[in-house]
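With the sequence shown counted from 1, adding 457 to any position gets you my numbering. Worksheet: the structure to be examined is printed underneath.
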Amino acid sequence: MSFIREFWANLLQKLYDNQKLFLALVAHHTKGSPGTTGAKLWVSETGETCGTIGGGIMEHKVVERAREILNQNYFTPEIQTLYHRSSGFGEKSGMICSGSQTNLYYLCHPSREKAIIKKVVSLIEQDISGLLAIAPSGMSVAEKTVNLAQPAIQLIQESGKWRYEEQLLNRNRIAIIGGGHCSLALSRVMSQLDYEVLVFETRQKVSTLTQNTSARSVKIVEDYQAVGALIPLPQLTCVVVMTTDFVSDIRALLGVVSLPFPFIGVMGSRAKIAAIFEQLQQAGISEGLLSRLYAPVGLPIGSHTPEEIAISIAAQILQERKID
458 MSFIREFWAN
468 LLQKLYDNQK
478 LFLALVAHHT
488 KGSPGTTGAK
498 LWVSETGETC
508 GTIGGGIMEH
518 KVVERAREIL
528 NQNYFTPEIQ
538 TLYHRSSGFG
548 EKSGMICSGS
558 QTNLYYLCHP
568 SREKAIIKKV
578 VSLIEQDISG
588 LLAIAPSGMS
598 VAEKTVNLAQ
608 PAIQLIQESG
618 KWRYEEQLLN
628 RNRIAIIGGG
638 HCSLALSRVM
648 SQLDYEVLVF
658 ETRQKVSTLT
668 QNTSARSVKI
678 VEDYQAVGAL
688 IPLPQLTCVV
698 VMTTDFVSDI
708 RALLGVVSLP
718 FPFIGVMGSR
728 AKIAAIFEQL
738 QQAGISEGLL
748 SRLYAPVGLP
758 IGSHTPEEIA
768 ISIAAQILQE
778 RKID
């Protein structure tokens, strides 16, 4: 289970246990801030915490304040901008790393927020797009088509009023074509990085597919070339091809290379990659499309084991990603 699913599911369970929870969200950050936009933390009445908004003395102070607020029956949601420096204007966080972050604080009541958080969890678990909104007047959630032209998280401030909006559909997505040992290792790493993981394989009885509890879905297909058309939200999804053989790699690449995936990588030695490129050229794939491929995929860190290969690929995906 990805962190974001686990975060909201655990929060919901605490509400079912009839506990109030203090919720802190990073609504905005600037470069250098340890807490980044979208980071989350909750504190329960029993003192349990989940998540982080940047750590250090700043988070310690927020948790201490949370414990005071949890003793209250009412708290008006608020935002607080903290500057990570020892001098200059603005409220100081106690950290000196640089940048600033704006935190949102909200007190969740079981009777009031249980149904809302249940809806949040349902949307995330089903991978359905929705919009979570928080303002001083309260919290709401609704199923809503994702607007890719807007940032996933926005803090709207005008005329002294503010409103936090978070599109719930996870924009971090990866499709892994091939279901072997490297696919299993990559699924685990990318899930820990809070990516939605889809795995495609032509073989049905493969032990690594059974072991793969990190992927949101594992689909068996007859032909790898059909995979590209089966991947939802291609404009958000990274693709890594790591099948068992040369021919299967080519079939997979033929199905994805012309679609708008932001990252397409293929695993293999340089000799194998050269042969794959030759076959793709013979199949009519243009130089322009071939130039989009990360081949061989992964940063050159001397990786050999499936776990090392997975880390090298994950690092390259993070290096190449576009950040709002």
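Idealized CB from N, CA, C, for every residue including glycine.
Three-state class that DSSP yields for residue i in the structure shown
i, result
"Tyr652", "coil"
"Ser597", "strand"
"Arg778", "coil"
"Ala767", "helix"
"Ala772", "helix"
"Gln476", "coil"
"Ser501", "strand"
"Cys554", "coil"
"Thr665", "helix"
"Tyr621", "strand"
"Phe720", "strand"
"Gly587", "strand"
"Ala731", "helix"
"Ser640", "helix"
"His566", "coil"
"Gln736", "helix"
"Ala632", "strand"
"His541", "coil"
"Lys488", "coil"
"Ser674", "strand"
"Leu580", "helix"
"Ile688", "coil"
"Phe806", "Here the chain covers residues 458 to 781 and nothing more, so residue 806 does not appear."
"Gln611", "strand"
"Gly712", "helix"
"Ile681", "First, the residue type needs correcting, since residue 681 is Tyr and not Ile in the sequence shown. DSSP places Tyr681 in helix when its eight states are reduced to three."
"Glu463", "helix"
"Ile536", "strand"
"Gly508", "strand"
Cβ-based burial, residue i [other Cβ within 10 Å; buried from 16]
i, result
"Tyr531", "exposed"
"Pro569", "Just to set this straight, residue 569 is Arg in the shown sequence, not Pro. So Arg569 counts as exposed."
"Phe703", "exposed"
"Asp474", "exposed"
"Asp781", "Because the pLDDT of Asp781 is 45, which lies under 50, any placement of that residue in the model is unreliable, and the number read from its coordinates should be weighed accordingly. Exposed is the call here."
"Gln649", "exposed"
"Gly587", "buried"
"Asn604", "exposed"
"Gly508", "buried"
"Ile770", "buried"
"Ser743", "exposed"
"Ile591", "buried"
"Ile444", "Residue coverage of the chain in this structure runs from 458 to 781, which leaves residue 444 outside it and unanswerable."
"His517", "exposed"
"Arg524", "exposed"
"Leu737", "buried"
"Ser594", "exposed"
"Gln776", "exposed"
"Gln661", "exposed"
Cutoff 7 Å: residue i Cβ touching any chain B Cβ
i, result
"His486", "In the structure shown, chain B cannot be found, because there is only a single protein chain."
Residue i versus the options, residue with shortest Cα-Cα distance
i, options, result
"Gly492", "Gly504, Ser705 and Ser555", "Ser555"
"Met699", "Gly722, Ile536, Ala728 and Met515", "Gly722"
"Ile581", "Val696, Glu623 and Leu693", "Glu623"
"Asn528", "Pro608, Gly545 and His566", "His566"
"Lys618", "Glu535, Glu505 and Ile768", "Glu535"
"Ser715", "Glu615, Glu525, Ala767 and Gly685", "Gly685"
"Glu658", "Ile526, Ala590 and Ser705", "Ser705"
"Glu679", "Gly635, Thr494 and Lys488", "Gly635"
"Cys639", "Leu561, Met515, Thr503 and Val754", "Val754"
"Ile613", "His485, Glu548 and Ser674", "His485"
"Gly725", "Ser760, Ser748 and Val713", "Ser760"
"Ala481", "Val713, Phe546 and Tyr621", "Tyr621"
"Ile461", "Thr694, Pro719 and Tyr652", "Tyr652"
"Cys526", "Lys477, Thr487, Glu548 and Gly547", "It should be noted that the sequence gives Ile, not Cys, for residue 526. Ranking Lys477, Thr487, Glu548 and Gly547 by Cα distance to Ile526 puts Lys477 first."
"Ala496", "Gln611, Ile677, Thr503 and Lys571", "Gln611"
"Ser674", "Thr665, Val654 and Ser664", "Val654"
Whether residue i touches residue j by CB criterion (7 Å)
i, j, result
"Val577", "Trp499", "no"
"Lys575", "Leu468", "no"
"Gln558", "Val656", "no"
"Pro691", "Pro717", "yes"
"Val696", "Ala767", "no"
"Leu711", "Gln739", "no"
"Arg630", "Ala609", "no"
"Lys471", "Ser490", "no"
"Leu564", "Phe479", "yes"
"Met515", "Gly545", "no"
Distance cut-off 6 Å: residue i Cβ against heavy atoms of the ligand NAP
i, result
"Thr667", "Of ligands this structure carries none, so the ligand NAP is not represented either."
- prompt: Do three or more CB pairs link the region 663 to 670 to the region 633 to 648 at distances below 8 Å?
  reply: Short answer: they touch.
- prompt: For the region 540 to 553 against the region 505 to 520, are there 3 or more C-beta pairs whose distance is under 8 Å?
  reply: A contact exists between the region 540 to 553 and the region 505 to 520.
- prompt: Given 8 Å as the limit, is there contact between the region 596 to 613 and the region 727 to 736, that is, 3 or more CB pairs closer than that?
  reply: Put simply, the region 596 to 613 does not touch the region 727 to 736. Fewer than three CB pairs are less than 8 Å apart.
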